[in-house]
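Numbering-wise (our numbering), the sequence shown opens with residue 8 and increments by one.
Let me begin by presenting the structure, written as structure tokens, before commenting on it.
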Amino acid sequence: MNKIRIAIAGVGNCASSLIQGIEYYKDKSEAIGLMHLEINGYRPGDIEVVAAFDIDVRKVGQDLSKAIFAAPNNTTVFYPDVPHQGVEVKMGTVLDGLAQHMKEYSEEEAFRLAENDPCQVADELRKSGAEILVNYLPVGSEKATRVYALAALDAGVAFVNCIPVFIASDKEWAKRFEVRHLPLVGDDVKTQLGATILHRVLTKLFVDRGVKLERTYQLNTGGNTDFLNMLARERLSSKKISKTEAVQLNL
């Protein structure tokens, strides 16, 4: 069975957890920690990361196995022995991918922009043989996400949009991928057991038990670059829509 060859835009905490997980579950026979250990014959070990893009000086130019553990990443390290990947992290597109207030925080907490010239993403996708581009850019990266989506179209690869920038849910964008016969998945993903899925379950419980729910709210509180990035309130408009709709599906 062929490998599933993916490229990653944004080598942050989510990318770190994904790559650690691929290695961790390669030899596991139990699906503890996963919803599905196998899908249509494919297992986590069948995923191969062949290209990666970032804008942080501590990650650009590094092998992916080192970049996923570089600051400001601070996710749980549950598989520290990720082997050399042979994938150099390329300088990605900046645009609105870097919130200006990050400059006010320490190097351990915030991004530090590399001075490298941005690569040609579509060319890198073609050279790597990637089949899927996974978008893990920071929330609010509206322009940068569209550049990566265009690169996916140009290179003829699928696009999985893991952030609340409306690509898959936009009819015009969806049509562009449909015309190219390219899969488009998104928009936004939920943490495995985070605030949104817990909120959804609780609201459904109210409905199932006949309780009238008049109002509800959800707060964003955390200690990583995702939450630091969201201190810029202007970056949150799409996220608020995405999360609100996710909860309202049960009402």
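Yeah, the Cβ is synthetic: ideal placement off N, Cα and C, and Gly gets one too.
> What residues are listed by DSSP as bridge partners for F60?
Replying inline: A16, K97
>> Could you give the first and the last residue of the continuous beta strand (DSSP E) run that contains I139?
In response: 139-142
> With DSSP run on the structure shown, which of helix, strand or coil describes N236?
Replying inline: helix
>> Would A158 and I139 be called neighbours here (beta carbons separated by less than 8 angstroms)?
In response: no
> Are A162 and V57 close, meaning C-beta to C-beta below 8 angstroms?
Replying inline: no
> Span of the alpha helix (DSSP H) holding F213?
Replying inline: 202-215
> Would the beta-carbon of L132 be found less than 7 angstroms away from any heavy atom of the ligand ATP?
Replying inline: Only the bare structure without any ligand can be found here, which leaves the ligand ATP out of the picture.
>> Taking only three categories from DSSP, how would you classify V164?
In response: coil
>> Mapping the DSSP letters down to three states, classify L25 as helix, strand or coil.
In response: helix
> What alpha helix (DSSP H) runs, 4 residues minimum, are completely inside the stretch 63-94?
Replying inline: 71-74
>> Given a cut-off of 8 angstroms on the beta-carbon distance, is the pair I26 and P51 in contact?
In response: no
>> Starting from A38, trace the alpha helix (DSSP H) in both directions and tell me its first and last residue.
In response: Run containing A38: none; DSSP gives neither H nor E here.
>> At the level of alpha carbons, what is the spacing between L200 and P145?
In response: 20 angstroms
>> Does the stretch 64-77 come into contact with the stretch 222-237, if we say contact requires no fewer than three beta-carbon pairs (one atom in each stretch) closer than 8 angstroms?
In response: no
> DSSP three-state call for Y49: helix, strand or coil?
Replying inline: strand
> From this set, V128, T83, N47, which residue's C-alpha is nearest K97's C-alpha?
Replying inline: V128
> When the Cα of T82 is compared with those of I39, Y112, S23, which residue comes out closest?
Replying inline: S23
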